[in-house]
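These notes concern the structure reproduced below.
Chains as they are written, first to last, in the numbering used here: chain G, 18 to 296; chain D, 18 to 296; chain Z, 18 to 296; chain P, 18 to 296; chain F, 18 to 296; chain R, 18 to 296.
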């Protein structure tokens, strides 16, 4: 939560800017109200803490109660968050909180059928770095709530040697040795391979993970056999929901799918606000 | 462009973090290369300046040439950007630049069929505030490239009086008068109305724009007739691509569609990098 | 309030820098005290929330009580804020809080006679963008407390077509049509006109507001007649306090006066601090 | 200049926000123009570098030529800055650059008569910490250009022992000794004294500077005599332009005047922009 | 404390980055625990408030009790801080809090023998600007806790005229006069002198402090005699712990020693965490 | 380099603050000069790019030439950097650039003898997270230049399961399984073990790395034998320079030493500035 505090400030500033001219003109400063955030379709919830933080950033005195937990599967009409307090604060935060919830829950919900498509096999479904700039930590969190796992977070926490790196070094063997020498012993080394020859060289070089890049089913099966559990096998590229069961059946360990994040769409979540009656 | 510079810095920091451990281990500091960013599907381009700024932020010495212009319709294989210079800089910026281009072009491309669905009528298609937090200015720019227009940018540059504002004031009439008194004479006042009675009151109160909230076709037609061009008429809510032509045919001026942004998905754009051969 | 939090941090950093070397050397950490902020001249108060936020930023444990409300007219000696708590915190925040209060109340107080000069007429007095960089939202708030209204907040929330924009487009007619096409339907379009011909063209083009730039009284009267309530009429330029009643009598709707902000001077407000006696 | 770069970014963001909707709609991206910034009244110039930095921040490719130097006395009509380049950049920066120049030159111009009022005497005129929050470094720079000098910059670069500090310590003697012990040997120690007894104690305690707080002329003369050049003598409080010559004649070394900054008003400076003719 | 809040945020972001993947995987969110921070060697404590702020920034609900005070001399095993609350928060903050405490206490502890080496003489031991970038305020605070004093904080709060400044002006005399004219009357002027001739000129010019640069003992004694208490005498350069008593015996007022900060090493402090037993 | 730009800005602001009052008073704005940065002792250089960036941040027009490369072993008197350009810029940046170079080269130089102590064995020497807050990336870079390697960068890029994590999970076996399930397949899992039983359990659980915590030589040898190359073996705790050869001889793979960073001291580097002679 701590790492996204600044981003939440930015998001609020983006929507409120120099001031909510409608609310500031019409709602008296001391006026109070209550609000309910509600699922308008069935969904897997993600972003509850972010939504809470949006409102707390605006007004630490709001009374906020969670009705469920991130990762829960909700039906249409299910309550997510109940809020009570200053009416202006509720109106200021409404859109920003919903925009976070809708996108993050959209990802979690979108990921689920992909996860189900491979669940008959031990293969693990993972995301990629194809995320919305500024949203990496949040989107990867939503992917986990949807049931898939994360690939590396960025360029800093995992080694992935691609064709250009190999070209710059001369060979896979040199590349693996050099990276091994220069990075932490806690970081694994993955090598991208497009042919069985490259697979063999990567294996020989001691790669921890071998990524089979855009190979067809037959090549994948041969590569899995060749690697023979001496390295983790990942496949990547041209992975559709339809092809997933077949791919998982090849015996690969990891299937990375950019679509988990970049093809997700927001789900429908709304907020009903009620001003407190004057007595 | 100036207003997104800080956001681009944040996006790069998110991906590179404490350093690209693969590239820094394997690519010599002085090594150079070239790169081409290419459309992998037909799309409407958006985000060219952002992509250029990503690379300039990393390395002001890169040589960058645009192959087309934002708003262009590109076929599969079309070139977008050509780059030449330090190979590390190209590798550092690749994913971030593509993530921006893929999402923004995704929105522009997604918007186009909505625009075509209303083009037989004078109605104007506009977006909403249902955008990705942090991305408001960029996503609204992509919407314009797709051929639609923008609703207000945030809570600060347009008045939209909703049910809670009216409840806090007592009546539409009071609300419009109060806002008129307290906001700039350059800002228009929009009132949300759910019934024809509310439409009548908003009109009488002098609303500049009346938003018909979740009305059916018949109600919309009656409202348009009742308003009789004395105010701009906007419809919002439950607007699907399929229903758009019918809705546009009612004679409304503005149709706002949250789906323009929150239902868009990234399009496929890639970057081919080639290290310069050593002579 | 939320939007100025960062600015208050900056202001405190500017005054305190690497530390208040006098107070830190002489006042024991646990020492407490009380303070009263007091008007030293008659004034219209503005900035109470900002002053409170200055002290809360430094020390959330201070006990703070407002003695009046922004917009109140205070006599010499009137109490504004009572504070109690850590003595160091009171001393750290004193000058910054007063500097905010003195300038903002200075503007509110300065604006009042301008407002009175036009009150016999329906014309509305508004400010301009001639504000102190960094202070736009605060100064425009003080202008409202003084009884005048705000023009647009910045370049982003209202269209004002000036001579250079017209020159870049070819004509007023083209300019208005193009802006109408490219901006939100919630933003009004204002056109600057220096001659009656330009007024006529702007009116014909459908401008929502026409600004008469530096016209004399006779021209203004003719323009008002010509426009005949088909657009809002604003005058701007060479507006002195003395000429205001005459200008307002012409029947214009809006009179914009840069002097409301850029000719205001701080009023005198002071803070009396008393260390708590040791028992 | 380096220390105000961030502030200039903030000021531009404040005015431009999510975009200059008029200019972006009407001025083609590649359109060029020229501009002249001109004094509209006689003034002492301050802020030239800030104005240049405003434009360079927006567009490093603008061609900018200074027509004079900060501190120059300009007549009405004198040229200040000539600019040439992208027309959008000129329009984006116009208001922000002028707002800086108008306020800073306003201070320099306002300070000059105060300086002249004391110039027959060796007394030095200095400013105070009563500056516009956010503007301390800039306003103190403008004061110097007007011919006066600066008091300490903030709470961090000079010791000023006031009544509350003395009360917290027990006596002036204790306070001076304690500060001497705890602060750098490069920082002078000033003590505020309201009576001749306090003056005597401060002198005895070894104060480097003694501030006579709100004393009348007679008391001041006695204090100056008593101090007899063993410490620097400063007077503060109730200093009007009219009383300055009398006060300076008492033989004090320093006269601090808050009005130098908080009573200054902007001077009139404008910018004439001309689009380049199409050939 | 207020001025280092931002730096503490930066330090936490540096260690936690996109998340503590070990703790987040293994420690349930609601799990609680207690912790003790303990001296593992004898030391002078510095940084208690910083350590507290590290944990409060992460989690305002932690219960934190100080077992001692900054400046205390602690034996091996002495308790410094007791904490209780959310176990994740304790684990997130552990390393960052310790890194601050270890370095700051390292400086305070390192300074002490230098102070003892001069305590038979009135000479004051001070630090320099040779501090760890980003840590100036904190390191100078630790120096004071170790018993030494501070030289100026930066280039902004004290004048030190060195050879290059003199060369740029023509002479010491001109330099002192010019600085006197252009800086606040609360700032003292120090001149660096390498020869007795320069000492004489600085004295004549009215320097408040004269720094004897790299002089031998004999030269220092002559300079002290020559200055004869008409200015503060500082020595700097080639000052080792061994030579300090001899240097102090020359009668100089100030001895500045860069080694106080740049030769200090961290002391050993650890944190023992205990998860709360489930009942 | 990109990731430390902001930190360099902070460091410059810390030293220059509201302005270099000596230089600004005495050195004319247009005055130029040259400078040489020189080693004053034998050292291993680290921080060249940071020093260059310090000066470029202040003044992009300075002419800067590197005389050597990071990692070079320099003798006393060796030239590091030559600079030419604006004299003020050289004076502003001097101390900050030197403070970076002195500390970073201090670490690289300090690390070297530790590296030599193990070079007869295959064991790899690595640093820890005991770094100066704010300096992690820079200090770990200096460690590599000294010839050692890096452990994980922070809590985000490697799993290290310690006693508290195990206690919160129940057992090493559960902990390893849970982490494996929840983190990226590119991150290795290290388990801290204090006894041979724990070593056995960690091995059985599939830990990639086993850290032997504070074991004596005999226990270490047994653990190495027991692990038998099925996992990487790391030792940590109580590692002195003297014991290193013995520890390395046990056959462990990794020896982590906090002292590499937290016991390093700055080396002596200075900058000689020469104003350009006026012709």
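Just so you know, even glycine gets a beta-carbon here, dropped at the ideal spot from N, CA and C.
- Could you run through the segment 191-221 of chain R and flag, in chain order, every residue whose CB is less than 9 angstroms away from some CB of chain G? Residues 198, 199, 200, 201, 202, 203, 204, 205, 206 and 207.
### Query
Touching or not, the segment 283-294 of chain G and the segment 100-119 of chain G, by the rule of three or more beta carbon pairs under 8 angstroms?
Contact annotation: the segment 283-294 of chain G touches the segment 100-119 of chain G, with at least three C-beta pairs closer than 8 angstroms.
Margin query: Residues of chain Z with CB closer than 9 angstroms to the CB of residue 138/D, please, in chain order.
Written below: Locating residue 138/D in the second chain gives position 121, counting from the first residue. Result: empty, since nearest Cβ-Cβ is about 16 angstroms, beyond 9 angstroms.
Reduced DSSP category for residue 44/P - H, G, I as helix; E, B as strand; rest coil = Position 27 of the fourth chain holds residue 44/P. Three-state DSSP puts residue 44/P in coil, outside helix and strand.
If the cut is a Cβ gap below 7 angstroms, which residues of chain G does residue 123/F touch? The residue labelled residue 123/F in the question sits at position 106 within the fifth chain. What residue 123/F touches in chain G: nothing, since even the nearest Cβ is about 26 angstroms away.
| Residues sharing a beta bridge with residue 80/R, DSSP | Stepping through the sixth chain from its first residue, residue 80/R is reached at position 63. The partner list for residue 80/R (beta bridge, DSSP) reads 101/R.
Margin query: I need the DSSP call for residue 141/Z, collapsed to helix, strand or coil.
Written below: As a first step, residue 141/Z is located in the third chain; it is residue number 124 there, counting from the start. Secondary structure of residue 141/Z (DSSP, three-state): strand.
Handout entry: Sufficient close CB pairs (3 or more, under 8 angstroms) joining the segment 22-37 of chain G to the segment 86-94 of chain G
Key = Contact between the segment 22-37 of chain G and the segment 86-94 of chain G is absent, because fewer than three Cβ pairs lie under 8 angstroms.
**Given 8 angstroms, three or more beta-carbon pairs between the segment 241-257 of chain F and the segment 115-123 of chain F** = Of all C-beta pairs linking the segment 241-257 of chain F to the segment 115-123 of chain F, fewer than three are shorter than 8 angstroms, placing the two stretches out of contact.
When you compare only the Cα positions, how much space is there between residue 297/G and residue 207/Z?
For chain G, the structure presents residues 18 to 296; residue 297/G sits outside this window and is missing.
Handout entry: Candidates 286/R, 280/R and 285/R, of which the one nearest residue 284/F by Cα
Key = The residue you call residue 284/F lines up with position 267 of the fifth chain. Comparing Cα positions, the closest option is 280/R.
Item checked: At least three beta-carbon pairs within less than 8 angstroms, the segment 231-240 of chain F to the segment 207-219 of chain F -> A contact exists between the segment 231-240 of chain F and the segment 207-219 of chain F.
| Mind pulling the alpha helix (DSSP H) runs of 4 or more residues that sit fully within the segment 207-243 of chain D? | Entirely contained in the segment 207-243 of chain D, the alpha helix (DSSP H) runs reaching 4 residues are, in chain order, 213-222.
C-alpha distance - residue 55/P paired with residue 65/Z, whole-angstrom precision: Mapped onto the fourth chain, residue 55/P falls at position 38. Mapped onto the third chain, residue 65/Z falls at position 48. Between residue 55/P and residue 65/Z, the C-alpha separation is close to 38 angstroms.
What does residue 143/D reach in chain P if we use C-beta pairs closer than 8 angstroms? By one-based count along the second chain, residue 143/D stands at place 126. Here the premise fails: no neighbours, minimum Cβ distance about 15 angstroms.
Query raised in the report: Enumerated in chain order, which unbroken segments of the beta strand (DSSP E) with a length of 3 residues or greater are wholly contained in the segment 247-292 of chain Z?
Result: Within the segment 247-292 of chain Z, the beta strand (DSSP E) runs of at least 3 residues that lie entirely inside it are, in chain order, 249-253, 271-273 and 286-292.
- [ ] Report all residues from its chain with a CB closer than 8 angstroms to the CB of residue 29/F; omit the five preceding and five following residues, and keep chain order.
- [x] By 1-based counting over the fifth chain, the position of residue 29/F is 12. Once the five neighbours on either side are set aside, the close Cβ partners of residue 29/F are 71, 74, 75, 109, 110 and 113.
_Counting only beta-carbon separations shorter than 8 angstroms, does residue 154/D have a partner in chain B?_
The question asks about chain B, but that chain is absent: this structure's protein chains are G, D, Z, P, F and R.
In chain F, which residues lie less than 7 angstroms from residue 170/G when you measure between Cβ atoms? Counting from 1 along the first chain, the entry for residue 170/G is found at position 153. Under a criterion of Cβ atoms nearer than 7 angstroms, the residues of chain F adjacent to residue 170/G are, in order, 35.
**OP:** Tell me whether the beta-carbon of residue 244/R lies closer than 8 angstroms to the beta-carbon of residue 216/R.
**Re:** On the sixth chain, residue 244/R is found 227 positions in, with the first residue counted as 1. On the sixth chain, residue 216/R is found 199 positions in, with the first residue counted as 1. Yes, the pair counts as a contact, with Cβ atoms nearer than the cut-off.
**Asked** chain R partners of residue 271/G, CB-CB under 8 angstroms?
**Response** By one-based count along the first chain, residue 271/G stands at place 254. Residues of chain R passing the Cβ test: 202.
Note down, in chain order, every chain G residue with its Cβ under 9 angstroms from the Cβ of residue 114/F.
-> Along the fifth chain, read from residue 1 onward, the residue named residue 114/F stands at position 97. Neighbours of residue 114/F in chain G, taken as residues whose beta carbon is under 9 angstroms from its own, are absent, since the nearest beta carbon is some 15 angstroms off.
| query | Going along chain Z in order, which residues have a C-beta closer than 8 angstroms to the C-beta of residue 131/D? | reply | Mapped onto the second chain, residue 131/D falls at position 114. Near residue 131/D there are no residues of chain Z at all, since even the closest Cβ is about 17 angstroms away, more than 8 angstroms.
Does the pairing of the segment 152-172 of chain P with the segment 126-134 of chain F give three or more beta-carbon distances under 8 angstroms?
-> The segment 152-172 of chain P vs the segment 126-134 of chain F: no contact.
Where does residue 91/G fall in DSSP's three states?
-> Locating residue 91/G in the first chain gives position 74, where the first residue counts as 1. The answer is strand: DSSP assigns residue 91/G an E or B state.
Does the count of Cβ pairs from the segment 137-151 of chain G and the segment 268-279 of chain G closer than 8 angstroms reach three?
They touch, by the three-pair rule.
| message | Give me the chain F residues within the contact set of residue 175/P, using Cβ-Cβ distance strictly less than 9 angstroms, ordered along the chain. | response | Within the fourth chain, residue 175/P is the residue found at index 158, counting from 1. By Cβ distance, chain F contributes 174, 201, 202, 203 and 204.
| message | Measuring CB atoms only, is the segment 149-157 of chain D touching the segment 172-181 of chain D, in the sense that at least three cross pairs come out at less than 8 angstroms? | response | Under the three-pair Cβ rule at 8 angstroms, the segment 149-157 of chain D does not count as touching the segment 172-181 of chain D.
With DSSP collapsed to three states, give me the class of residue 56/R. Your numbering for residue 56/R matches position 39 in the sixth chain. Collapsing the DSSP output to three states places residue 56/R in a strand.
Any beta carbon of chain P sitting closer than 8 angstroms to that of residue 83/R?
As a position in the sixth chain, residue 83/R is number 66, starting the count at 1. So, not an interface residue.
| said: Please report whether the beta-carbon of residue 68/F lies at a distance below 8 angstroms from any beta-carbon of chain R. | reply: Taking the fifth chain and counting its residues from 1, the one referred to as residue 68/F is at position 51. So, not an interface residue.
Inter-residue Cα distance where the pair is residue 44/D and residue 286/F: Within the second chain, the letter at position 27 stands for residue 44/D. Within the fifth chain, the letter at position 269 stands for residue 286/F. Taking C-alpha positions only, residue 44/D is separated from residue 286/F by approximately 40 angstroms.
Length of the line joining the Cα atoms of residue 98/R and residue 58/R: The residue given as residue 98/R occupies position 81 in the sixth chain. The residue given as residue 58/R occupies position 41 in the sixth chain. The straight-line gap from Cα to Cα measures roughly 15 angstroms.
- Query: What number of angstroms, rounded off, separates the C-alpha of residue 51/D from the C-alpha of residue 199/F?
  - Reply: Here residue 51/D is taken as the residue at index 34 of the second chain, counted from 1. Here residue 199/F is taken as the residue at index 182 of the fifth chain, counted from 1. Distance between the alpha carbons of residue 51/D and residue 199/F: 54 angstroms.
- Query: Considering only the beta carbon of each residue, do residue 189/Z and residue 126/Z sit closer than 8 angstroms?
  - Reply: Position 172 of the third chain holds residue 189/Z. Position 109 of the third chain holds residue 126/Z. No, these two residues do not count as a Cβ contact at 8 angstroms.
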